[in-house]
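Engineer: Structure in structure tokens, see below.
There are 2 protein chains.
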Amino acid sequence: MDDKKVSMAVVKRLPRYYRYLTDLLKLEVNRISSKELSEKMGITASQIRQDLNCFGGFGQQGYGYNVEILQREIGKILGMQNKFKAIIIGAGNMGNAIANYSLFAERGYSIVAIFDNNTEKVGKIINNLAVLDMNELENYIKNNRVDIAILTVPFQYTSQIAERVASLGIKGIWNFSPMDLRLSHEVKIENVHLSDSLMVLGYRMNKKIEEDKASL
Amino acid sequence: MDDKKVSMAVVKRLPRYYRYLTDLLKLEVNRISSKELSEKMGITASQIRQDLNCFGGFGQQGYGYNVEILQREIGKILGMQNKFKAIIIGAGNMGNAIANYSLFAERGYSIVAIFDNNTEKVGKIINNLAVLDMNELENYIKNNRVDIAILTVPFQYTSQIAERVASLGIKGIWNFSPMDLRLSHEVKIENVHLSDSLMVLGYRMNKKIEEDKASL
DNA sequence: AATTATTTGTTAAAATAATAACAATTCCGC
DNA sequence: GCGGAATTGTTATTATTTTAACAAATAATT
Ligand SMILES: NC(=O)c1ccc[n+]([C@@H]2O[C@H](COP(=O)([O-])OP(=O)(O)OC[C@H]3O[C@@H](n4cnc5c(N)ncnc54)[C@H](O)[C@@H]3O)[C@@H](O)[C@H]2O)c1
Ligand SMILES: NC(=O)c1ccc[n+]([C@@H]2O[C@H](COP(=O)([O-])OP(=O)(O)OC[C@H]3O[C@@H](n4cnc5c(N)ncnc54)[C@H](O)[C@@H]3O)[C@@H](O)[C@H]2O)c1
Numbered sequence: 254m255d256d257k258k259v260s261m262a263v264v265k266r267l268p269r270y271y272r273y274l275t276d277l278l279k280l281e282v283n284r285i286s287s288k289e290l291s292e293k294m295g296i297t298a299s300q301i302r303q304d305l306n307c308f309g310g311f312g313q314q315g316y317g318y319n320v321e322i323l324q325r326e327i328g329k330i331l332g333m334q335n336k337f338k339a340i341i342i343g344a345g346n347m348g349n350a351i352a353n354y355s356l357f358a359e360r361g362y363s364i365v366a367i368f369d370n371n372t373e374k375v376g377k378i379i380n381n382l383a384v385l386d387m388n389e390l391e392n393y394i395k396n397n398r399v400d401i402a403i404l405t406v407p408f409q410y411t412s413q414i415a416e417r418v419a420s421l422g423i424k425g426i427w428n429f430s431p432m433d434l435r436l437s438h439e440v441k442i443e444n445v446h447l448s449d450s451l452m453v454l455g456y457r458m459n460k461k462i463e464e465d466k467a468s469l
Numbered sequence: 254m255d256d257k258k259v260s261m262a263v264v265k266r267l268p269r270y271y272r273y274l275t276d277l278l279k280l281e282v283n284r285i286s287s288k289e290l291s292e293k294m295g296i297t298a299s300q301i302r303q304d305l306n307c308f309g310g311f312g313q314q315g316y317g318y319n320v321e322i323l324q325r326e327i328g329k330i331l332g333m334q335n336k337f338k339a340i341i342i343g344a345g346n347m348g349n350a351i352a353n354y355s356l357f358a359e360r361g362y363s364i365v366a367i368f369d370n371n372t373e374k375v376g377k378i379i380n381n382l383a384v385l386d387m388n389e390l391e392n393y394i395k396n397n398r399v400d401i402a403i404l405t406v407p408f409q410y411t412s413q414i415a416e417r418v419a420s421l422g423i424k425g426i427w428n429f430s431p432m433d434l435r436l437s438h439e440v441k442i443e444n445v446h447l448s449d450s451l452m453v454l455g456y457r458m459n460k461k462i463e464e465d466k467a468s469l
């Protein structure tokens, strides 16, 4: 317990920093100050310095930050060196989309297997992986390293399958069903709420509509 | 300007309230107190009462909240009565997944058209909609009500297409490319950052790994 | 080499957000 | 209809998060 607790507010900004730094690297920018970065990102320089200092002093006074070093360090903080292995459960619409998406691999998350319980989907090839039957799940996890289960199954099966993978020793679950999946186990869970995101857009659009109406 | 400004923190919790209330309705629960709801949702009763009171007094002292009324009111706050019409641009993996997903329609967001610039995809039927060519975009929007553009095109085309739909009068953009889309126009934008979400999971898993290592 | 410009890390202040407290009100059993 | 239990709306308090300020350190300039 050497470093002070880092708040979720800070953690959620880390991938964003990583994204901007990766873009800068591609543009062959060597150094950047918190001020420049703040202008690009639309946040305050103060916040950037405060955030980065939760993890150590990566910058140099009078100079700024070395983009390559900072990007690598944030990558480490995010645990990218773990090269996490993930399986997808549910080879439907969303499962297919994720399996075919290459950026996750670039970020160090490789999809190593896909499972489904529908016999019509089992054996189908998705991005070079043959869909496996759900009854091979236990066996597969026993014989292969799997860190993350990506759950893209229908709502009503999600909890049950989550329990199943948790009991098999999976350490992380990325859940796409519109529910707040919670488990007693010490599994880390991230719930993706696409509908929620769309509804927030709807709220903001509606607010504008009401404001426009009021100002007539 | 009758009501005080509602913070984003509150707004982002509204779809979640809507979700729990809809579930309760399905279970035919008529009334619920902030205390009961807080236990279900894992937040404090105080926060629930505080949140709801940003929009008015929906409850009754000594009784609690009527589930049906509260759900309907939150729906109104979220602008669901607008019955927003959305088009999808980019009939690829993610565009297909969204087009085939029925919950958005249930929530009042209907997909009315799908566009792509790949001639091999144009004409293909996705969930009863024929994919339209991008050069029909202007014409379609001129002749049909379209509120939202769902952008599921590759990264490098996203900004340009966003500008294009904004200039055509679209009021909201739901962007799936891993970038912080920002426009000068007064268009409301929600950026979905799936990679960011996965990386936060990675951070939390990695932290646990480090903690376990340290406690040896 | 001295001087001025930057720019960080860090502490202090301000702003926001979450939680607790409680008076006012309503329900509900008797 | 009465009295205790329950529960809201709202105000007060506490905690968290963001922003500002600035000394210390470095870089660039002359
Ligand atoms: N498609 C979207 O745009 C979208 C958006 C938001 C949320 N979601 C959520 O993601 C999840 C998946 O959605 P989808 O659109 O991909 O659904 P889908 O029906 O296309 O795919 C679900 C897949 O899971 C498989 N499956 C069903 N039961 C299973 C089981 N017990 N074990 C293993 N596999 C099983 C099915 O055979 C199917 O292939 C759902 O919970 C949905 O609510 C999807
Ligand atoms: N698939 C995923 O799981 C996933 C996850 C996160 C983010 N994203 C993002 O979502 C976006 C789409 O991803 P995808 O996996 O669906 O990609 P995809 O390649 O499967 O689909 C992109 C579609 O856009 C079409 N297109 C290309 N240029 C166009 C243009 N100028 N006008 C109209 N249509 C055009 C293509 O023909 C294709 O059908 C990308 O920005 C990607 O980074 C995808």
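The listed protein sequences correspond, in order, to chains D and H. Numbering of the first sequence is given in this note's numbering, commencing with residue 254 and proceeding in unit increments. Numbering of the second sequence is given in this note's numbering, commencing with residue 254 and proceeding in unit increments. C-beta atoms are modelled at their ideal positions from N, C-alpha and C, and glycine is treated no differently. Note that the structure is predicted; figures quoted are calculated from it, not measured.
Buried or exposed: which applies to Q324(H), given that a residue is buried once 16 or more other Cβ atoms fall within 10 Å of its Cβ?
Structural biologist: Q324(H) should be labelled buried.
Engineer: Compare the C-beta of P407(H) with all C-beta atoms of chain D and state if any pair is closer than 7 Å.
Structural biologist: With 7 Å as the cut-off, P407(H) does not count as an interface residue toward chain D.
Engineer: So L290(D) contacts chain H; which residues on that side make the cut at Cβ distance below 7 Å?
Structural biologist: The contacting residues do not exist; L290(D) stays about 13 Å from chain H at best.
Engineer: Thinking C-beta only, is V418(D) closer than 7 Å to A402(D)?
Structural biologist: For A402(D) and V418(D), yes; Cβs fall inside 7 Å.
Engineer: Going by the beta-carbon positions, is the gap between Y318(D) and I296(D) smaller than 7 Å?
Structural biologist: No; because the gap between Cβ atoms is not below 7 Å, this pair is not in contact.
Engineer: Per DSSP, V384(H) forms a beta bridge with which residues?
Structural biologist: Answer by DSSP bridge pairing, in chain order: I367(H).
Engineer: Tell me, please, whether the CB atom of N396(H) is closer than 7 Å to any CB atom in chain D?
Structural biologist: No, its Cβ sits nowhere closer than 7 Å to a Cβ of chain D.
Engineer: Do you know how far the Cα of A358(H) is from the Cα of G348(D)?
Structural biologist: If I take the Cα positions, the gap works out to 20 Å.
Engineer: In chain order, what are the residues with a CB under 5 Å from some non-hydrogen atom of ligand 2?
Structural biologist: Ordered along the chain, the selected set is A350(D), I351(D), Y354(D), G343(H), A344(H), G345(H), N346(H), M347(H), D369(H), N370(H), N371(H), M387(H), T405(H), V406(H), F408(H), Y410(H), F429(H), S430(H), L447(H).
Engineer: Just grab the DSSP bridge partners of Y270(H) for me.
Structural biologist: Partner(s): none; Y270(H) has no beta bridge.
Engineer: Return the residue from the list K288(D), I340(D), I341(D) that minimises the CA-CA distance to G315(D).
Structural biologist: That would be K288(D), whose Cα lies nearest to the Cα of G315(D).
Engineer: When you compare the region 433-444 of chain D with the region 378-392 of chain D, are there three or more beta-carbon pairs, one atom per stretch, that lie closer than 8 Å?
Structural biologist: No, they do not touch.
Engineer: Have a look at G450(H) and E443(D) and give me their C-alpha separation to the nearest angstrom.
Structural biologist: Correcting the residue type first, residue 450(H) is Ser in the shown sequence and not Gly. Going by the C-alpha atoms only, they are around 7 Å apart.
Engineer: Apart from the five residues just before and just after K441(D), which ones in its own chain have a Cβ nearer than 6 Å to its Cβ?
Structural biologist: Once the five neighbours on either side are set aside, the close Cβ partners of K441(D) are G425.
Engineer: Among the candidates L404(D), G328(D), A350(D), whose CA atom is the shortest distance from the CA of F429(D)?
Structural biologist: The shortest Cα separation from F429(D) among L404(D), G328(D), A350(D) belongs to L404(D).
Engineer: Given K258(D), which residues of its chain have a CB within under 6 Å of its CB, disregarding the five upstream and five downstream residues?
Structural biologist: So no residue of the chain qualifies.
Engineer: Could you check if R272(D) is buried or exposed, using at least 16 other CB atoms within 10 Å of its CB as the buried criterion?
Structural biologist: Per the 10 Å Cβ criterion, buried.
Engineer: Determine, using beta carbons only, whether D400(D) and K338(D) come nearer to each other than 7 Å.
Structural biologist: Taking 7 Å as the Cβ cut-off, D400(D) and K338(D) qualify as a contacting pair.
Engineer: The alpha helix (DSSP H) that contains E439(D), what's its start and end?
Structural biologist: That residue, E439(D), is in no alpha helix (DSSP H); it is neither H nor E in DSSP.
Engineer: By Cβ distance below 8 Å, which residues in the same chain neighbour E391(D) in space, the five residues on each side in sequence not counted?
Structural biologist: Cβ neighbours of E391(D) beyond the five flanking positions: L421.
Engineer: Kindly indicate the opening and closing residues of the alpha helix (DSSP H) around A358(D).
Structural biologist: Start and end: 356-359.
Engineer: Determine the direct distance from the alpha carbon of D386(H) to that of N371(H), and round the result to whole angstroms.
Structural biologist: Their Cα atoms are separated by approximately 8 Å.
Engineer: What in chain D is Cβ-close to Y362(H), meaning under 8 Å?
Structural biologist: Ordered by position in chain D, the residues that pass the 8 Å Cβ test against Y362(H) are L451, G455.
Engineer: If we call anything under 7 Å between Cβ atoms a contact, is Y270(D) one with I327(D)?
Structural biologist: Yes, Cβ-Cβ distance for Y270(D) and I327(D) is below 7 Å.
Engineer: Kindly indicate if chain H contains any beta-carbon less than 7 Å away from that of S448(D).
Structural biologist: It does: the Cβ of S448(D) has a partner Cβ on chain H nearer than 7 Å.
Engineer: Alpha carbon to alpha carbon, how far is I394(H) from M333(D)? Give it in angstroms, no decimals.
Structural biologist: Cα to Cα, M333(D) sits roughly 43 Å from I394(H).
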